[in-house]
Amino acid sequence: MNDQQGDRRFQENVPLGKESWFGCGGTADVLFQPEDIDDLALFLKDAPPEMPVTVMGGMANIIVRDGGVRGCVIRLGKPFSDIDVKGARILAGAGALNGSVASAAAKAGIGGLEFLSGIPGTVGGAVRMNAGAYGREIKDVLVAAFAIDRKGRSDAFMTEDMDMRYRYCGVPEGTIFTAAAFEGLKENKEVVRARLKEIKEKRRETQPITEKTGGSTFANPTEEQLKAAGLESGLRAWQLIERVGGRGLTVGGAKMSEKHCNFMINTGTATAADLEDLGEELIRRVKTLLGVTLHWEIRRIGDRPPT
Ligand SMILES: Cc1cc2nc3c(=O)[nH]c(=O)nc-3n(C[C@H](O)[C@H](O)[C@H](O)COP(=O)(O)OP(=O)(O)OC[C@H]3O[C@@H](n4cnc5c(N)ncnc54)[C@H](O)[C@@H]3O)c2cc1C
C-alpha cells in the first residue's frame, strides 16, 4: 500500500467501531472511500484476491468486534449519495441515506417509500438486508440494483432475480451495491407527508432511537420454528426475549432495552464482546427454555481478541 500513502481515500488503523451506531469496537486495518464508481472498480480489479474486503454503509446494523477488521473496509460516502426522481421512480446511490430517499419521495408525491424514513442507514445496507418496517420491505419497492463484484465488474440485478426474503438478499456476499432504482405510486404530496410524519412519531414512541443501538438484534422466528417448539403462532423475537427474562438484561455495559427488548444498547461502557456475549446469552436462554433458536439479525464483523 506504499503508493497509497498520503492518499486521503485510504486510511490505516481507522477506529471503525466508534463510527458504528453502537459506538464501540475495533479498528479497520485499511479504510477505502472511493471517489466514484471507476475508482471503486479499479481498486477491486487490482486488489489481491486473498485480501479480505468488507463494505459498510451507515453501520446501523453492525457490531465491529474489538479485535478489528482485517484487510480493507470500503465505505461509499457522498460520491454515491445522489438521488434522482423521474415520475414515480427514484434512482438512489448506495451511499444515500434511507431517510433522504423517503424525503425525496414525499417531496415528489411518490407514495410507498415512507417506511424507509424509519430505517437508519444507507440504500446499500437496506438492499443487502432487505430492510423493512411497518408492513413493507425493500423488495416491495425495489426495481433493480446496480453493483460491482469483487473483481471490479459491473452488474445489474432485477428484484425478481435477487431472491429477497425476510431480512435476506440472495445476491452473493461480496457484491457491492452502488445504486438502486425504486418505484412507488404517484399520490397527493400532503397524504404522503402525513404518513411520513406518522412513521417518525411511531418510531420515537416505540424504539430507543436516541440510544447507541443496532436495531433489532434477532430476526423474528419463523412459523415452523414456533410450531416445532409448541409455541403460539405469530410470536415475535421480542416476546421470546421477554419470556426468558431478557428485558433489561445486562452484560458489562451492554443491555437489552427496557423500551423494546429486541434492541440491544451500549449504555456507554460496552465493548463489542459485551454486546455479543449478551446476544449469545439470550440465544442460550431462548433455546433452553423455549426450544427456539434465535438468529442474529445484526451483522458481526472482525475478530474477537484472544482472551
Ligand atoms: C434505531 C434503529 C432502528 C432500526 N430499525 C430497523 C427497522 O425498522 N427495520 C430494519 O430492517 N432495520 C432496522 N434497523 C437496522 C438498520 O437500520 C438496517 O439494517 C439498515 O438497512 C442498515 O443499513 P446500513 O447502511 O447501516 O448497513 P450497515 O449496517 O453498514 O451494513 C449492514 C450489512 O449491509 C452490507 N452493506 C452495506 N452497504 C452495502 C453495499 N453498498 N453493498 C453491499 N452490501 C452492503 C454490509 O456489508 C453489512 O453486511 C435499525 C437500526 C437502528 C440503529
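The sequence shown runs contiguously to residue 423 in the working numbering.
In this text, a Cβ means the ideal position worked out from N, Cα and C, and glycines have one as well.
Residue range of the beta strand (DSSP E) that includes residue i
{"i": "M172", "result": "169 to 172"}
{"i": "K134", "result": "It is not in any beta strand (DSSP E) - K134 instead sits in the alpha helix (DSSP H) that spans 132 to 135."}
{"i": "V402", "result": "Note, V402: premise wrong, no beta strand (DSSP E); alpha helix (DSSP H) at 388 to 406."}
{"i": "F70", "result": "Because the chain is modelled from 117 through 423, residue 70 falls outside the range shown and cannot be assessed."}
{"i": "D152", "result": "Careful: D152 lies outside any beta strand (DSSP E) and carries neither H nor E."}
{"i": "D370", "result": "For clarity, residue 370 is Ala in the given sequence; the question names Asp instead. A370 -> beta strand (DSSP E) spans 370 to 372."}
Element boundaries [alpha helix (DSSP H), containing residue i]
{"i": "V307", "result": "305 to 322"}
{"i": "K424", "result": "Since the first and last residues shown for the chain are 117 and 423, residue 424 lies out of range."}
{"i": "I357", "result": "353 to 359"}
Beta-carbon proximity list for residue i, same chain, < 8 Å, skipping 5 on both sides
{"i": "S219", "result": "S233, L312"}
{"i": "K302", "result": "G203, A204, G225, I226, G227"}
{"i": "L398", "result": "T333, F334, I357, V360, G362, L365, M372, L410"}
Close beta carbons around residue i, own chain, < 6 Å, minus the five adjacent residues each side
{"i": "D198", "result": "G209"}
{"i": "R244", "result": "C285"}
{"i": "F379", "result": "P324, T329, S373"}
Check: residue i C-beta below 7 Å from any heavy atom of ligand 1
{"i": "P168", "result": "no"}
{"i": "F293", "result": "yes"}
{"i": "N177", "result": "yes"}
{"i": "T333", "result": "no"}
{"i": "V171", "result": "yes"}
{"i": "L498", "result": "In the structure displayed, the chain extends from 117 to 423; residue 498 sits before or after that span and is not available."}
{"i": "A210", "result": "yes"}
{"i": "W354", "result": "no"}
{"i": "A370", "result": "no"}
{"i": "A157", "result": "no"}
{"i": "G330", "result": "yes"}
Nonlocal neighbours in the same chain, by C-beta distance under 7 Å from residue i, ignoring five residues either side
{"i": "R319", "result": "G234, I325"}
{"i": "R266", "result": "L160, V169, G290"}
{"i": "G139", "result": "K328, N382"}
Ligand 3 heavy atom lying under 7 Å from the CB of residue i
{"i": "M380", "result": "Among the ligands present in this structure, namely ligand 1, ligand 3 is not found."}
Beta strand (DSSP E) segments (min. 3 residues) lying fully within the stretch 188 to 272: The stretch 188 to 272 contains these whole beta strand (DSSP E) runs: 199 to 202, 205 to 209, 258 to 264.
The stretch 360 to 372 in contact with the stretch 390 to 397 per 3-pair CB rule at 8 Å: Three or more pairs of CB atoms, one per stretch, sit closer than 8 Å, so the stretch 360 to 372 contacts the stretch 390 to 397.
Any 3 or more C-beta pairs closer than 8 Å across the stretch 153 to 171 and the stretch 184 to 197: At 8 Å Cβ cutoff, the stretches touch.
Three or more C-beta pairs below 8 Å linking the stretch 341 to 354 and the stretch 253 to 266: When C-beta atoms of the stretch 341 to 354 are compared with those of the stretch 253 to 266, fewer than three pairs fall below 8 Å, so the two segments do not count as touching.
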